[in-house]
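K.L.:
Submitted below is the structure of interest, expressed as structure tokens.
Residue numbers (full-length UniProt numbering): 1 to 163.
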């Protein structure tokens, strides 16, 4: 008995080919939502390295490039110490995509929605009104007393530099 092909390992379902001698890929391979989700999961989100850019595209500290991995908006950025990070372009607070430019230079990233600020490495640096707002002798809003910025950074992707 032969080993399953690589294609059957990637796609455990078998699209139905119409008739003998058909040499076209079934239309459903391009339009089926389940197949599309499987492709995203298997090719972009699990166990595979994805190219996001060249070191030469971000030569100086603070240089960044916004791109996508599957459907995830990500930022390739060079930190002040020269290291390279890839972080999701989604604020940890309310899920807002904060980086609008395709490339540029930044000292940090700030979400326009509630002004949460992140370092170039994706760590949360600051939250406005963290201790709330004092009004009429009372404190309103603010973060819980056990809130830790270290628990609320951007999602970081693994990075490998080939040279």
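Glycine included, each C-beta is placed from N, C-alpha and C at the ideal position.
1. Roughly how many angstroms lie between the CA atoms of residue 32 and residue 144, to the nearest whole one?
2. Please list, in chain order, all residues of the same chain as residue 64 whose beta carbon is under 7 Å from its beta carbon, the five residues on each side excluded.
3. Looking only at its own chain, which residues have a Cβ that is under 8 Å from the Cβ of residue 125, when we skip the five neighbours before and after it?
4. Of all the options 134, 27 and 51, which has the alpha carbon lying nearest to the alpha carbon of residue 86?
5. From residue 45 to residue 89, what distance separates their C-alpha atoms?
6. Tell me whether residue 109 sits in a helix, a strand or coil according to DSSP, three-state version.
7. Buried or exposed: where does residue 130 fall if 16 or more other Cβ atoms within 10 Å of its Cβ makes it buried?
8. Around the Cβ of residue 66, are there at least 16 other Cβ atoms within 10 angstroms (buried) or fewer (exposed)?
9. Take residue 122 and list the residues in its own chain whose beta-carbon comes closer than 7 Å to its own, dropping the five residues that flank it on each side.
10. Would DSSP call residue 167 helix, strand or coil?
11. Taking just the CA atoms, how far does residue 111 sit from residue 96?
12. In angstroms, rounded to a whole number, what distance separates the CA positions of residue 79 and residue 70?
13. Alpha carbon to alpha carbon, what distance is there between residue 140 and residue 47?
14. Mark residue 164 as exposed unless 16 or more other C-beta atoms lie within 10 angstroms of its C-beta, in which case mark it buried.
15. Distance, Cα to Cα, residue 26 vs residue 35?
16. DSSP on residue 36, reduced to helix/strand/coil?
P.N.:
According to the structure shown:
1. By one-based count along the chain shown, residue 32 stands at place 32. By one-based count along the chain shown, residue 144 stands at place 144. So the two alpha carbons sit approximately 44 Å from each other.
2. In the chain shown, residue 64 corresponds to position 64, counting from 1. Answer for residue 64: 58, 75, 76, 77, 103, 104 and 106, listed in chain order.
3. By 1-based counting over the chain shown, the position of residue 125 is 125. If we look at residue 125 and ignore the five residues flanking it on each side, its Cβ neighbours are 108, 117, 118, 119 and 149.
4. Taking the chain shown and counting its residues from 1, the one referred to as residue 86 is at position 86. Among 134, 27 and 51, the Cα nearest to that of residue 86 belongs to 51.
5. Working through the chain shown from its first residue, we reach residue 45 at position 45. Working through the chain shown from its first residue, we reach residue 89 at position 89. Cα to Cα, residue 45 sits roughly 15 Å from residue 89.
6. Position 109 of the chain shown, counted from the first residue, corresponds to residue 109. Note: residue 109 maps to strand in three-state DSSP.
7. If you number the chain shown from 1, residue 130 lands on position 130. Exposed is the call here.
8. Here residue 66 is taken as the residue at index 66 of the chain shown, counted from 1. Buried: at least 16 other Cβ atoms inside 10 Å.
9. As a first step, residue 122 is located in the chain shown; it is residue number 122 there, counting from the start. Within the same chain, residue 122 has close Cβ partners 85, 87, 153, 154 and 156.
10. An answer regarding residue 167 cannot be provided, because it is not within the stretch 1 to 163 covered by the chain.
11. The residue you call residue 96 lines up with position 96 of the chain shown. The residue you call residue 111 lines up with position 111 of the chain shown. So the alpha carbons of these two residues sit roughly 7 Å apart.
12. Counting from one through the chain shown, the residue named residue 79 turns up at place 79. Counting from one through the chain shown, the residue named residue 70 turns up at place 70. Each residue's alpha carbon lies about 24 Å from the other.
13. Your numbering for residue 47 matches position 47 in the chain shown. Your numbering for residue 140 matches position 140 in the chain shown. Each residue's alpha carbon lies about 45 Å from the other.
14. The structure shown does not extend to residue 164, since the chain is modelled only from 1 to 163, so the question has no answer here.
15. Locating residue 26 in the chain shown gives position 26, where the first residue counts as 1. Locating residue 35 in the chain shown gives position 35, where the first residue counts as 1. Approximately 12 Å, taken between the alpha carbons.
16. Taking the chain shown and counting its residues from 1, the one referred to as residue 36 is at position 36. Residue state, collapsed to three classes: helix.
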